[in-house]
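Report on the structure given below.
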Amino acid sequence: MLKLCNDKRGTQQKMLYLGTQVSLQYALPLAEVVLDFFDRLKSASRGYASFDYEFSHFEAAPLVKLDMLITATRWMPCRSSCIARAPTSAVASSSTRCRS
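Quick note, the numbering used here runs 304 ahead of the 1-based positions in the sequence shown.
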């Protein structure tokens, strides 16, 4: 769970041990939670983890615009997106897999 939250640009706020269970409190960007966080959480915990959230505040983030070019000249505006600066190359390479 710690790796999943850290991979999603989270910062740990609190960790409580409650008998055999652990309660984690993280601050995560909403954009990271919306995409696939819940599915990955359930997969990593084999369905045992639960998730609760509340919006706390808006915060500026280092974002970049990722544009998709086809054959180096044709731009596809429908494939453009704003993403966090850190995983830019991973997102770009996963979006450009060749399909035959």
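All residues carry an ideal CB built from backbone N, CA and C; glycine is no exception.
For residue j and residue i, believed in contact at Cβ under 8 Å, the rounded distance
{"i": "Q329", "j": "Q317", "result": "4 Å"}
{"i": "S384", "j": "M372", "result": "7 Å"}
{"i": "Y357", "j": "V337", "result": "7 Å"}
Residue i to residue j span [Cα, whole Å]
{"i": "P333", "j": "R350", "result": "24 Å"}
{"i": "R403", "j": "T315", "result": "Residue placement at R403 is flagged as unreliable, the pLDDT there being 47, under the threshold of 50; a coordinate-derived value is accordingly withheld."}
{"i": "C386", "j": "L322", "result": "39 Å"}
{"i": "S360", "j": "A335", "result": "14 Å"}
Residues that DSSP places opposite residue i in a beta bridge
{"i": "Q325", "result": "L322"}
{"i": "Q316", "result": "Y330"}
{"i": "V337", "result": "Answer is none; V337 lacks a bridge partner."}
Exposed unless 16 or more other CB atoms sit within 10 angstroms - verdict on residue i
{"i": "F341", "result": "buried"}
Meets three-Cβ-pair contact criterion under 8 Å: the stretch 344 to 352 and the stretch 366 to 376: no
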